[in-house]
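Colleague: Residue numbers (the UniProt record's numbering): 1 to 430. Note that CB positions come from ideal geometry on N, CA and C, so glycine has one too. Please read these numbers as outputs of a predicted model, since none were measured by experiment.
#1: Apart from the five residues just before and just after residue 329, which ones in its own chain have a Cβ nearer than 7 Å to its Cβ?
#2: I'd like to confirm something about residue 96: is its beta-carbon nearer than 6 Å to some heavy atom of the ligand MG, or not?
#3: What residue range is occupied by the uninterrupted alpha helix (DSSP H) comprising residue 29?
#4: Touch check for the stretch 98-109 and the stretch 415-424: three-plus C-beta pairs under 8 Å?
#5: Just the Cα atoms here: how many angstroms apart are residue 137 and residue 190?
#6: Please return the same chain residues whose Cβ sits closer than 7 Å to the Cβ of residue 181, not counting the five positions on each side in sequence.
#7: With the cut-off set at 7 Å, would you say residue 159 and residue 316 are in Cβ contact?
#8: Can you find the residues in the same chain that come closer than 8 Å, C-beta to C-beta, to residue 108, ignoring five residues on each side of it along the sequence?
#9: Restricting to Cα atoms, I'd like to know which of 87, 383, 202 is closest to residue 125.
#10: With distances taken between CB atoms, is the gap from residue 237 to residue 300 smaller than 7 Å?
#11: Work out the CA separation of residue 48 and residue 161 for me, nearest whole Å.
#12: Between which two residues does the beta strand (DSSP E) holding residue 78 run?
#13: With residue 149 as the anchor, note down where its beta strand (DSSP E) starts and where it stops.
#14: Beta carbon of residue 39, beta carbon of residue 3: below 7 Å?
#15: Measure the Cβ-Cβ separation of residue 144 and residue 152 and say whether it is below 7 Å.
#16: Going straight from the alpha carbon of residue 407 to that of residue 296, what length do you get?
#17: Whole-angstrom Cβ separation of residue 193 and residue 73, contact assumed at under 8 Å?
#18: With 16 as the cutoff for other CB atoms within 10 Å, does residue 298 come out buried or exposed?
#19: Residue 255 by DSSP, collapsed to three states: which one?
#20: What is the residue span of the beta strand (DSSP E) that residue 224 lies within?
#21: Count the CB pairs spanning the stretch 74-93 and the stretch 11-29 that are closer than 8 Å, and state whether there are at least three.
#22: Helix, strand or coil: how does DSSP classify residue 4 here?
#23: Could you name the residues that DSSP lists as bridge partners for residue 128?
#24: Using a Cβ-Cβ cut-off of 7 Å (strictly less than) and excluding sequence neighbours within five positions of residue 149, which residues of its own chain qualify?
#25: So, at 6 Å on beta carbons, what are the nonlocal neighbours of residue 168 in its own chain, with the 5 sequence-adjacent residues on each side left out?
#26: Inspect the beta-carbon positions of residue 80 and residue 339 and report whether they are closer than 7 Å.
#27: Please confirm whether residue 289 and residue 211 have their CB atoms less than 7 Å apart.
#28: Using a Cβ-Cβ cut-off of 8 Å (strictly less than) and excluding sequence neighbours within five positions of residue 43, which residues of its own chain qualify?
#29: Can you check the stretch 358-411 for any alpha helix (DSSP H) of at least 4 residues that lies completely inside it and give the ranges in chain order?
#30: Along the chain, where does the beta strand (DSSP E) containing residue 205 start, and where does it finish?
#31: If you reduce the DSSP assignment to three classes, tell me which class residue 304 lands in.
#32: What beta strand (DSSP E) runs, 3 residues minimum, are completely inside the stretch 36-78?
#33: Between which residues of its own chain and residue 5 is the CB-CB distance below 6 Å, once the five residues before and five after are set aside?
#34: Which of the three DSSP states, helix, strand or coil, is assigned to residue 340?
#35: Spell out the partners DSSP gives residue 165 in its beta bridges.
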């Protein structure tokens, strides 16, 4: 297994940032432990470069002619191994070494075919989406049905200027690409991955939550559109006030507390129980955190930024740094434990036991590369300092090639999340 070359840089002028990234990629491709003939690239840029997206893609694809396929998007921040770039012009690239028949780039002009079509069977997919797309949640669910696993990972583009996505294939095996430039706005795009055999790449993905429950679980017993009117047979507003310990007789204090409160929604009939609070003070992966957007004193209801259904469970929650940090460490540890065999060769034991200074990227870790998509509301200073979130990932997962972005919403399974991180690693198929 070869490591995926990757590079990242910041500079006011994108050609300088691109030159720095290209230098990193070429230096790594010359090393024996890194892939020297990759064909697929993931490209993430901050919104400072959004208006130059076409120029950036054109320049990088010309400088890397061996890369036939490109995918990526824009974020208010981007991520790479041990570093975050927020409020500064930056770009990150990772080059994936995978057989061309094991993946397919898709976009609005070249949709992913249904799993039953026989042309390409997708097992899972990395998805980039525009938050302004109508019926986005339904489109994501429909996209998940085009894979045989039903599992997607990715996120929504996030930009204070233009929202762009990259989707370009040079193989000629993507019908409908035509003269498309490879830079898109609106809709969904990304890369679908096939289920490979022994020796091919496999993917492992985890969702990490960033909120802490501050109430018990309630069953939604009545709702109207996005307004929940009854919880556990009681007026929903009364349940909220009781759980938060507030009263409308003190509106200023009550409003301040409500503004800090979110809701976690989940389907009670989940057969695996993933919606339950699996760890003390932590949500399971199937809890969808949504904003509490209003109160309805007339109907004694609460309005949420989703369409809840009767029978779902609802838990009041709040953003919490310690809970987010602990859950991020947990999912990284789960991935490492799953990849580490009970009996390991000396090379693997040496790498995994090395000090931070010695623990450089190494194939013995069994991770060729990783993609991390985190909520824009989690990045920056939320974890305590610049690049703190990605430093946690590096300490917990190890020093591995990684790129990603800070999104306006995160995609995992067939759901659209908020205030979460989605970590996906590429590893050798056993």
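Modeller: A quick look at the data gives this:
#1: 392, 396
#2: The model on display carries no ligand, and the ligand MG is accordingly not part of it.
#3: 14-29
#4: no
#5: 16 Å
#6: 54
#7: no
#8: 184, 186, 187, 188, 189
#9: 202
#10: yes
#11: 8 Å
#12: 77-80
#13: 147-156
#14: no
#15: yes
#16: 31 Å
#17: So it is not a contact: roughly 17 Å between Cβ atoms.
#18: exposed
#19: helix
#20: 218-224
#21: yes
#22: coil
#23: 155, 189
#24: 123, 124
#25: 70, 182
#26: no
#27: yes
#28: 56, 57, 60, 70, 71, 72, 91, 92, 93, 166
#29: 388-397
#30: 201-209
#31: strand
#32: 40-46, 69-75
#33: 25, 28, 29, 34, 95
#34: coil
#35: 73, 184
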